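As structure tokens, the structure follows; a few thoughts come after it.
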């Protein structure tokens, strides 16, 4: 389905919906992150790394795989992993490639096991329950379509290299 653009500007209803989405997203993320930080001493970034590692079969991922999963720049990932390693949440292990494997430690596993159920309950309270099952299903479908549309754009019209 191709929609014809009305021009470069959003109309009043589109602008209101877009801004409401941005405010909801920012407010929800900020609120959830404050709870992670206050209650468990974890940042949203710590949580994202620990979730990815804890959900991998071996509790380890190559750094480039973790970068792909998080969509982080290489330098951001490297700096953040160094901070997490100093705190004992992960460790880096050399392997046969130029990228180290990132391994969740017992401390990191304990941290994610402690905070994940509480975090999930807050996501349910402030997101899932507010949407309800029918609207949540629609949101999931629309989100998948948006991600797919962006993926196609990146493959065809938007090379990763910066344009001069």
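Residue numbers (my numbering): 12 to 175. Glycine residues also receive a C-beta, built at the ideal position from the N, C-alpha and C atoms. The model shown is predicted, which means the values in this text are computed figures rather than measured ones.
From the options, residue whose alpha carbon lies closest to that of residue i
i           : options           : result
residue 115 : 50, 103, 75       : 103
residue 133 : 42, 33, 109, 30   : 42
residue 90  : 109, 69, 70, 60   : 60
residue 121 : 58, 29, 31, 35    : 58
residue 39  : 139, 83, 157, 145 : 139
Beta carbon of residue i nearer than 9 Å to that of residue j
i           : j           : result
residue 95  : residue 119 : yes
residue 46  : residue 129 : yes
residue 64  : residue 113 : yes
residue 126 : residue 50  : yes
Distance between beta carbons of residue j and residue i, contact taken as under 8 Å
i           : j           : result
residue 48  : residue 54  : 6 Å
residue 110 : residue 87  : So it is not a contact: roughly 15 Å between Cβ atoms.
residue 62  : residue 101 : Rounded, the Cβ-Cβ distance is 12 Å, inconsistent with contact.
Sheet register partners of residue i (DSSP bridge)
i           : result
residue 113 : 72, 103
Report the residue ranges of all beta strand (DSSP E) runs contained in full by the region 36-66; include only those spanning at least 3 residues, in chain order.
none
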